[in-house]
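First comes the structure, then the notes that go with it.
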Amino acid sequence: MSEESRPNPDALLAEIQREEKEAKRGRLKIFFGMCPGVGKTYAMLEAARQRKAEGVDVVIGVVETHGRVETEALLAGLKVVPRKASEYRGITLGEMDIDALLARRPPLTLVDELAHTNVPGSRHPKRYQDVLELLDAGIDVYTTLNVQHLESRFDVVRQFTGITVQETVPDSMVDQADEIELVDLTPEQLRKRLAEGKVYIGERAATAAENFFREENLTALREMALRYTAECVDQELRDVMRARRIGGRWTSAQRLAVGVGPSPYSAPLIRWTRRIAVAMDAPWVAIYVETSRPLSEEEKTRLTKNLSLARQLGAEVVMTTGDDVAAALLEAAREHHITQIVVGKPLGSPLRELLKGGSLSSRLIRGGGNIDVHVLSGEKTAPTSSRWPWVQWLGQNLWRDCAWGAGWVAAVTAACWFLQRWTGYWTVSLVYLLAVVLLALVLNRWASLLAAALSALAWNYLFIPPVFTFRIATVHDAMMFATYFIVAVLMGHITHRLHTRELAEHKRRQRTVALNRLLESTAASTLLEEGLGHAVAELDALFQTRSVILLAGPDGKLETTAHPASTSQPNEKQIGVASWAFDREQIAGRFTDTLPDAQSIYFPLQTSKSKLGVMGVNMEQRKTLTLDERELLETFAAQIAALIERHRLMESATQARLTEESERLYRTLLDSVSHELKTPLAIIETATEGMIGQCQDALPAQGRMFLEEIRRANNRLRITVSNLLDMTRIETGRLPLNPEWFDVADLFQSASERVKNEVASERIEISVPAEIPRVRLDFLMMEQALANLLTNAAACSAAGSPIRMTAQLDDGTLVLRVADQGIGLAPGEEKKVFQKFYRGAKSKSGGTGLGLSIVQGFVRAHRGEVLAENNPTGGATFTIRLPVETSKQPL
Amino acid sequence: MKPNPTVLIIDDERAIRRLLCAALEPQYQVCEAENGQLGLQEAVARRPDAIILDLGLPDMDGVAVLKRLREWSQTPVLVLSVRDREADKVAALDNGADDYLTKPFGTAELLARLRVIQRRAPGGAEEPVHVIGLLQVDLAAHQVKVHGREVSLTATEFALLRVLVQHTGKVVTHKHLLRTVWGPNAEEQSQYLRVYFTHLRKKLETEATGRLIQNEPGIGYRLLAAD
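Just so you know, the sequences run in chain order A and B.
According to this note's numbering, the first sequence is numbered sequentially starting from -7.
According to this note's numbering, the second sequence is numbered sequentially starting from 2.
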């Protein structure tokens, strides 16, 4: 296998991840046709009935039969989720009840007419968005779609049918389909069906046959549907080839770019590029160049729409800045290794282009080097709003501004009338010039041009001799007048441009400053409330609105009460939108595709690690939200999320420090208690031993007996104290495990040595099978546990009777047994013996009843269990079962 | 006649000091200190032959006293404390204590341990041949004999035995053994020790010798001195 053709591991991994993701997602099957009436719904229902016969629980989300009898017959026996009625402008309309479907979670649901637009007020504006949510929830969906509803075919359909389709579905939706079934019919057959009244009923059939269902239309639509299906099949084949590493990553090695602007002509360009890119199997990007020219509200809206169209159709959107659009476009294109650029044909006047150094397309071609440039004509039928775009662009302020300009010129003229007595008429021109420049600072471009012209005329008419005529007597004056006119217009223009640029700069600076202030104030705040308060205040000031912060509760769900820093209180419906944004980790609400009727827009607050909450910003007063405003809001959301996370981390660090502190205190306390208890015991013991050892002979027999009693009692007390301390450690959970590798035989040996004073070693029989590997446990804890069991066994059995210790490995579980031949357990005592301070019914006096509970504590610390039971032959057996790591590896 | 060796007792418990005095008096000269500061002063002034040190002192921790002491003195130190957690014992031993005894203690045991640590006090020339009961180890010739019969040991086993022999009667911590035999990177690998000591004991211990190497769980190993 050659190096090149070996599958790229990253690509394979991506494929596997995609498959895994898809496994969780529902599968989408589209019944695809050229136009209504070809039998898509019929085919879908037939397929559904077949699945139902296979035992699949098929549920109908929504099916439109249009009163067709054959189709209605197929509905029989299929379960239907009732539509949700919603009132709109007095008419009751039924929409698919997506919540009912999500709650029911059928394995397969039918959703007719993918391109349908929902009633305003529904969760999503479009039905295909509902379908996406169903798929995300793991529900398989069958749906139907006509070719003319495809976003990328929209222009073509309009071109040859003359009908503008209102409802479109983005191609990315169809790309997600796991299966596309073409429902095909020849145009003759379809027209026959139409004539038979199988498509539309009554008069509608006749009008339809004359308009949309003309034979040439149908032929064209059919060709388009067939070709689109072929493209999809082709794409699938290429995906398979890519996965198997047949051919290169992109077979064409081409990369396309389309220049996108606020123009209405951009949308057809985008669709065209998508078609070509898919056909060439090439990736494509949409490039927007932001210039210093400010955009009107309408342009901003259209730009946002164009960019989101590009995104929907699968383009990567690239934004760059620069006043030389051609240069910026080429730079971005080179950065993204673009091989072909698509732009629109120039629409501006030839003179203006000459001034700019050529049209955009010609400059691209000149500077493009090896990048191919496609220049597309702007369609005359494109939905442009006006032949005079600048009229709208200026907005309704134009006439007001012009009036202001004229008034201003009149006022200056009056002032100059008096002034010229002392200064002469030449100086008047300078006063006018000043007035025009000042006007350009406040009024729009057209108003300042008007003022320049008006002032020139007024000067000529009223001041230049001969006065009260437009005639100019001397060449000198004529030149003066001409120069004035040109200078005034240019000054007005330049001043205005400087001013607008400054305004834009000011706005940009304002945002940077706001972000900066947000960073500073949140960084300085030590309390979360304070930080959030600052953030909300900045947000409100910048967007002149009110906002709400909802945080995730400890259970990971969104809390329904707003954080106190919020400046507005959400109602139940708003919390619903916020929860949607939180759960799906997507922006929702106003200006989005999800619940766009909401008053506010909701941004999920999240970091790569966790979902922290939702930020809602009230947008009631706004008509649009521009792209950069949205980006700014997203930045705010990211900053606020970072702030919350930082505080959460700080909190947990404080918690950890407190725990550590209390741990330390506790250890000091336990140490001093144990010191205080043990020291006197040690003194008594040492003193008693000393006496027994040295002065025994000097004492009478009774004295010796007393000494012996003291020693015994002291011994008992020592064991009790030690047990109590162990018990305290277990009870407070301060039992750090210190596991190490050892042999079980070693453990048994150590345990029996530990109790050699209480249990004679001859009594202990140890048997450890040789095949038991080394195990990893806390040696000392286990040693003590076994020692306690041995002591207990000795206490419950006759002196000299044997005590057996055995070990066995049982499927990863180490089983240790200590068996005695003593008195055994009383019935029902098997569990009680491990209780604290429980003293066996048959046990001798003495002992605190702690030994066995300590055994249990130590064993449980290893996630094991200890059981007690009677032997059939008498006596009791204690069994410790421990999950262990084992190792046979020699060292 | 050589004067009796001097023992310094550093313990805040008067009763303990008095008992220790009573136990030690016949064979030792005893001096006392009731806190760490005084103890260090006494150690400088009296130059004792051995020190018995309590860990729970009122003014400073016993381990701190040990560290200060070890800055200038190699006087053998026996730690005597009620703290019975392994971590405490290891901390004391790793900071220069020669042995560790938990209160309550038997007088006989105390005297035996004291004798051991004194015997191993520095100053005496390093003997190549050590005889511990029936065990005979020639450190120079790498030769080990039990009951007169030669035993062959692997290099690692011998290295371990050498460390124990050099500290006969005293407990040697896991960390010390690992660092000396395997190097500083192996300090946490106490499972090596279990395996090697199992082998070593199989080779050295017979019925006649009885137990030679004692395991102090969680702390270390001790080559039992033949008394």
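C-beta: ideal position from N, C-alpha, C; glycine also.
Please read these numbers as outputs of a predicted model, since none were measured by experiment.
In the displayed model, B:Val117 falls within a helix according to three-state DSSP. When beta bridges are read from the DSSP output, A:Ala407 appears opposite no residue.
Two segments are said to touch when three or more pairs of C-beta atoms, one from each, lie closer than 8 Å; by this definition the segment 101 to 112 of chain A touches the segment 81 to 93 of chain A. Between A:Gly685 and chain B, the shortest Cβ-Cβ separation is below 8 Å. Contact with chain A is absent for B:Ala34, since none of that chain's Cβ atoms lies less than 8 Å from the residue's Cβ.
Relative to A:Val367, the option among A:His116, A:Leu617, A:Gln332, A:Leu287 whose CA is nearest is A:Gln332. Here A:Leu441 has Val481, Gly484, His485 as same chain residues with Cβ atoms under 8 Å from its own Cβ, once five neighbours each way along the sequence are excluded.
Close partners of B:Ile118 in chain A (Cβ separation under 8 Å) are lacking, with about 19 Å as the shortest Cβ gap.
Take the alpha-carbon of A:Pro672 and the one of B:Glu14: they are about 9 Å apart. The Cβ atoms of A:Val365 and A:Asn298 lie no closer than 8 Å to each other. Inter-residue distance for A:Ala444 and A:Phe477 is about 7 Å (C-alpha atoms, whole angstroms). Using a CB distance cut-off of 8 Å, A:Arg710 counts as an interface residue toward chain B.
Going by beta carbons, A:Gly53 and A:Leu127 fall outside the 8 Å limit. For the options B:Val64, B:Thr7, B:Ser191, B:Ala142, the alpha carbon positioned closest to that of B:Gly97 is the one of B:Val64. Residue environment: A:Ile456 is assigned as buried (16 or more neighbouring CB atoms within 10 Å of its CB, all protein chains considered). Judged by DSSP secondary structure, B:Cys22 falls within the alpha helix (DSSP H) whose first and last residues are 15 to 25. Between A:Asp163 and A:Ser144, the beta carbon gap of about 5 Å places them in contact (Cβ cut-off 8 Å). For the pair A:Phe535 and A:Val609, the CB atoms are nearer than the 8 Å cut-off. Taking 4 residues as the shortest admissible run, the segment 71 to 107 of chain A contains the following complete alpha helix (DSSP H) segments, listed from N- to C-terminal end: 90 to 96. As the crow flies, the alpha-carbon of A:Ala398 is around 7 Å from that of A:Leu446. Less than 8 Å divides the Cβ of A:Leu772 from the Cβ of B:Pro218. Relative to B:Gly57, the option among A:Lys190, A:His667, A:Leu210 whose CA is nearest is A:His667. Among the CB atoms of chain B, one or more fall inside 8 Å of the CB of A:Lys670.
No Cβ of chain A is located within less than 8 Å of the beta carbon of B:Leu115.
Annotation: the continuous beta strand (DSSP E) that includes B:Thr174 extends over 172 to 174. Going by C-alpha positions, A:Arg703 is about 21 Å away from A:Asn780. As far as DSSP is concerned, A:Lys824 takes part in no beta bridge.
Counting only the Cα atoms, A:Gln412 lies some 49 Å from A:Pro254. Between A:Gly682 and chain B, the shortest Cβ-Cβ separation is below 8 Å. Proximity to A:Asp91 across A:Thr63, A:Val61, A:Val123 peaks at A:Val123, based on C-alpha coordinates. Residue-level contact by beta carbon holds for A:Leu673 and chain B, with a gap shorter than 8 Å. Rounded to whole angstroms, the separation of the alpha carbons of A:Thr265 and A:Leu356 is 17 Å. Residue burial is scored here from C-beta neighbours: A:Val149 has at least 16 other C-beta atoms within 10 angstroms and is therefore classed as buried. Scanning the segment 729 to 766 of chain A from its first residue to its last, the whole alpha helix (DSSP H) runs of 4-plus residues come out as 736 to 746.
Between A:Thr136 and A:Glu159 the beta-carbon gap is near 13 Å, outside 8 Å, which marks them as no contact. About 5 Å separates the beta carbons of A:Pro562 and A:Val540, which is inside the 8 Å limit, making them a contact pair.
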